[in-house]
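Counted from 1, the sequence shown has number 174 at position 175 by numbering that gives the first Met the number 0; the numbering is strictly sequential. Every residue gets a Cβ at the ideal spot worked out from N, C-alpha and C, and that includes glycine.
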Amino acid sequence: MEPEPISAENLPLSDRSIVLVGLMGVGKTTVGRRLASLLHLPFLDADHEIEEAAGCSVSEIFARFGESSFRDGERRVIARLLDGPRHILATGGGAFMDARTREAIKRRAVSVWLKADVGLLMERVGRKGTRPLLQTADPRGTMERLVTERYPVYAEADLTVESREGPHDRVVKAIVHALRDAGVLQKDET
Ligand code: S3P
0 MEPEPISAEN LPLSDRSIVL VGLMGVGKTT VGRRLASLLH LPFLDADHEI
50 EEAAGCSVSE IFARFGESSF RDGERRVIAR LLDGPRHILA TGGGAFMDAR
100 TREAIKRRAV SVWLKADVGL LMERVGRKGT RPLLQTADPR GTMERLVTER
150 YPVYAEADLT VESREGPHDR VVKAIVHALR DAGVLQKDET
């Protein structure tokens, strides 16, 4: 008899990809890359994959086609990535706000919310003016609004890890601990 295929719902924790969610500037890409190298897993960055698929930058997609077109592409790209082999995935800040993307992440992966306060986020995004959503008269006010809108939804992630002032490696370690406590990683996996 054919073995039963693993359905999305019973995908074992140890086979699941690890998806980082959270606001712009929190360090999903840097932290994700380091986590991946520590766990010997491939690292993927959703924004980068969207740029590859579209052949232009996220800012250009927003400017030329608008945010809703970007969100459609983001949903499709993340669904495709989650269907692939186990990996660490850094998502753009808005990805987890999409109900279908959230559902796909819940079925296929373990989600980790990297949480930080507005001061730290603004300090970190201040260094690069590449975020289309922050091209407003009052970027800090925009970030505060995003915190209010998004934090209740990010809180649906499986795990939450605080990102504070200090080196990214501290956050990487905190994620590893949280993943071990949740049974996603075995003791010998790092
Ligand atoms: C966005 C965050 C960005 C990028 C796009 C929209 C958002 O990614 O996907 O500019 O809605 O918060 P980062 O969180 O990696 O900056």
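Does residue i pass the burial test, meaning 16 or more other C-beta atoms within 10 Å, or should it be called exposed?
i	result
Asp168	exposed
Thr90	buried
Val171	buried
Tyr150	exposed
Ile5	Since pLDDT at Ile5 reaches only 42, below the 50 mark, its modelled position is unreliable, and the value read off the structure follows with that caveat. Ile5 comes out exposed.
Thr100	buried
Arg63	exposed
Ser68	exposed
Lys186	exposed
Ser36	exposed
Gly194	The structure shown has nothing for residue 194, since the chain only spans 0 to 189.
Closest by CA to residue i, which one among the options?
i	options	result
Arg139	Glu102, Lys186, Val117	Val117
Arg85	Ser162, Ser13, Leu178, Ala181	Ser13
Phe61	Val183, Leu132, Gly21	Leu132
Gly26	Gly182, Val160, Asp71	Val160
Gly83	Thr129, Ala98, Glu51, Leu10	Leu10
Val183	Glu148, Glu122, Ala108	Ala108
Arg74	Gly54, Asp46, Ile87	Asp46
Ala98	Arg70, Glu188, Glu143	Arg70
Val57	Leu34, Arg32, Glu143, Gly128	Gly128
Ala156	Glu59, Ala136, Ala181, Gly125	Ala181
Just grab the DSSP bridge partners of residue i for me.
i	result
Asp44	Ala89
Ser16	Ala108
Thr159	Trp112
Quick one: measure Cβ to Cβ for residue i and residue j, integer angstroms, because I've assumed they're closer than 8 Å.
i	j	result
Ala94	Val20	7 Å
Thr189	Leu88	Contact doesn't hold; Cβ gap of about 18 Å is too wide.
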